[in-house]
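According to my numbering, the sequence shown is numbered sequentially starting from 118.
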Amino acid sequence: MNWFQKLLVTVLPASWAQSMEADSRQWFMKCLNCEFEQSYWDLGGIRWKATGNSRNLRTCPSCGQRSWHMTYKKGE
Ligand SMILES: [Zn+2]
Numbered sequence: 118m119n120w121f122q123k124l125l126v127t128v129l130p131a132s133w134a135q136s137m138e139a140d141s142r143q144w145f146m147k148c149l150n151c152e153f154e155q156s157y158w159d160l161g162g163i164r165w166k167a168t169g170n171s172r173n174l175r176t177c178p179s180c181g182q183r184s185w186h187m188t189y190k191k192g193e
């Protein structure tokens with residue numbers, strides 16, 4: 118966990134923190150260039166009570182290319 122995640126886990130009620138982590142772990146960012154995917158939580162991010170997919174242009178940690186990444190929720 119990074120400092121921001123730790124801070125939220127510290128200040129929020131335990132049930133909220135668990136829900137936040139569980140939700141963030143279901144969201145993934147997938148590189149459309151090499152198919153590499155990583156969960157939002159593992160990226161140090163928080164995505165909580167969010168809906169809808171989005172696309173972001175970012176540098177992929179796997180293939181090193183600046184490529185489109187699709188954000189989507191697994192299991193939906
Ligand atoms: Zn990639």
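Note that CB positions come from ideal geometry on N, CA and C, so glycine has one too.
Quick caveat: nothing in here was measured; it's all calculated off a predicted structure.
Distances from the CB of Phe153 to the heavy atoms of ligand 1 include at least one below 6 Å. Put simply, of Phe121, Phe145, Arg172 and Met137 the residue whose alpha carbon is nearest the alpha carbon of Trp165 is Met137.
The nearest non-hydrogen atom of ligand 1 is less than 6 Å from the C-beta of Ser179. Nearest to Trp158 by alpha-carbon distance, out of Val128, Ser184 and Ala134, is Ala134. Between His186 and Cys151, the C-beta spacing is not below 7 Å. Shortest gap from the CB of Asn173 to any heavy atom of ligand 1: 6 Å or more.
Relative to ligand 1, Asn150 has its C-beta within less than 6 Å of a heavy atom.
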